[in-house]
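Asks: Going by my numbering, the sequence shown opens with residue 41, and the numbers climb by one from there. For each residue, glycine too, the CB sits at the ideal point set by N, CA and C. All values derive from a computational prediction rather than experimental measurement. Okay, handing you the structure first.
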Amino acid sequence: MNKNLKKALLLITVIFFIFISSKIIKNNIDIYTIRDYINSFKIFAPIVYIVMFAIVPLTFFPDSILAISSGLIFGFYKGYIYTTIGALLGGSIAFFLARYIGYDLLKKISNDKLSKIEKLINANGFYIIFLLRLIPLFPFDIISYGAGLTSVDYKQFLLATLLGTIPGIAVFTNIGASALDISGTSFYISIAMLILLFAISILLKKKFLNNKLKEID
């Protein structure tokens with residue numbers, strides 16, 4: 041197949057998923073709607089959830105909502121495992137899309153944040169990807185696209201993603217698993233952990249990432 045034709049088909053696919061995601065957001069789908077939809081697939085529910093999470097890079101849908109939904113649907117442990125698999129697949133899709141589509145096209149459809157992340161990863165590789173994954177303030181998919189634009193090794197990217205997403209996935213999944221009993225201690229512990237995660241994220245962003253950005257500017 042002609043290389044330009046492949047790119048055109050890939051771009052059409054991306055636009056299709058963007059269109060579908062805009063419809064989803066317009067309909068204000070919440071975690072309970074997602075739960076009911078995924079549960080309707082019964083024994084195939086885990087596969088459907090993983091696929092949904094994996095295509096998040098092609099949409100505008102927040103992955104944190106899906107992560108919370110996984111805890112609500114599958115419980116903490118299974119939800120954590122399925123979300124991690126989905127995150128690794130989704131991150132890999134974005135990573136290779138960036139390398140396949142190329143720098144120029146992504147520059148046209150992205151913002152300044154992608155350029156900054158690209159510079160950071162080029163300068164520090166594994167360490168920066170790991171650090172960015174620890175910080176929920178940075179969009180998961182932007183990090184993946186940014187990494188794909190650099191020369192960082194895919195295995196390093198995958199390992200940094202696996203390790204760096206542990207706290208975030210654990211916190212969001214636990215919120216979902218505790219959501220059925222919002223008066224219970226577990227739910228309030230989950231909220232406290234979420235606040236702590238964001239507080240640490242802000243600290244890491246100010247102390248480390250801002251300094252790194254100054255170094256490369």
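1) If you reduce the DSSP assignment to three classes, tell me which class residue 86 lands in.
2) Within 10 angstroms of the Cβ of residue 65, are there 16 or more other Cβ atoms? Answer buried if so, exposed if not.
3) Would you mind stating whether residue 243 and residue 171 have Cβ atoms separated by less than 8 Å?
4) Could you pull out every residue in the same chain whose Cβ sits closer than 6 Å to the Cβ of residue 178, ignoring the five residues on either side in sequence?
5) Please work out which residues of its chain come closer than 7 Å, Cβ to Cβ, to residue 208, disregarding the five sequence neighbours upstream and downstream, and give them in chain order.
6) Can we say the segment 93 to 101 touches the segment 192 to 206, given the rule of at least three CB pairs closer than 8 Å?
7) What is the rounded straight-line gap between the Cα of residue 246 and the Cα of residue 240?
8) CA-CA distance, residue 85 and residue 128?
9) State buried or exposed for residue 62, treating a residue as buried only when at least 16 other CB atoms are found within 10 Å of its CB.
10) Cβ atoms of residue 213 and residue 73: under 8 Å apart, would you say?
11) Is there contact here, the segment 130 to 142 with the segment 159 to 169, by at least three beta-carbon pairs under 8 Å?
12) Under the three-state reduction of DSSP, which class applies to residue 76: helix, strand or coil?
13) So the candidates are 233, 220 and 138; which of them puts its Cα closest to the Cα of residue 109?
14) Name the residue from 82, 184 and 141 whose alpha carbon lies nearest to the alpha carbon of residue 160.
15) Could you check how far apart the C-beta atoms of residue 111 and residue 119 are, in whole angstroms? I think they sit under 8 Å.
16) So, for residue 180: in the same chain, excluding its five sequence neighbours on each side, which residues have a beta-carbon less than 6 Å away from its beta-carbon?
17) If you check the beta carbons only, do residue 81 and residue 126 fall under 8 Å apart?
18) Would you mind sorting residue 216 into buried or exposed? The rule is 16 or more other CB atoms within 10 Å of its CB.
19) Note down the Cα distance separating residue 218 from residue 75, rounded to an integer number of angstroms.
Replies: Concretely, from the data shown:
1) helix
2) With a pLDDT of only 46 at residue 65, under the threshold of 50, the placement of this residue in the model should not be trusted; the figure read from the coordinates follows. Residue 65 comes out exposed.
3) no
4) 172
5) 176 and 237
6) no
7) 10 Å
8) 18 Å
9) Reliability fails at residue 62, whose pLDDT of 49 lies under 50, so the model's placement of it is uncertain and no value is given.
10) no
11) no
12) helix
13) 220
14) 184
15) 4 Å
16) 103
17) no
18) buried
19) 14 Å
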